[in-house]
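Residue numbers (our numbering): 28 to 136.
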């Protein structure tokens, strides 16, 4: 059973696109699947683009717990929305504003 769970989680693990030859910044990809953020801890550089794709059939958000730091707004089924990581390094907590039991952390270095 545990091996099956690990394989399922690996299948939804996010990817990071490396910087291009032109020096364009990397993009951090996050998925929402089964009312969970994958990964639950996002690592990004200041100002880096974070793209969030919702694979659930209901809308979700990825919203900072402190007002006005960052949010995707509502993301519908199979939609992707993005935001820029804060410019100040630090640890930022986030939730789905609609389903507040969904939580995670953004670490900006």
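Positions of the beta carbon are idealized from the N, C-alpha and C atoms, including for glycine.
Check the Cα spacing between residue 123 and each of 61, 113 and 74: the tightest is with 61. A Cβ-Cβ separation of about 6 Å places residue 77 in contact with residue 110 under the 8 Å criterion.
As the crow flies, the alpha-carbon of residue 118 is around 15 Å from that of residue 98. In this structure, the CA atom of residue 72 is about 26 Å from the CA atom of residue 105. Taking a contact as a CB-CB distance under 8 Å, the pair residue 57 and residue 79 counts as one, their CB atoms being some 5 Å apart.
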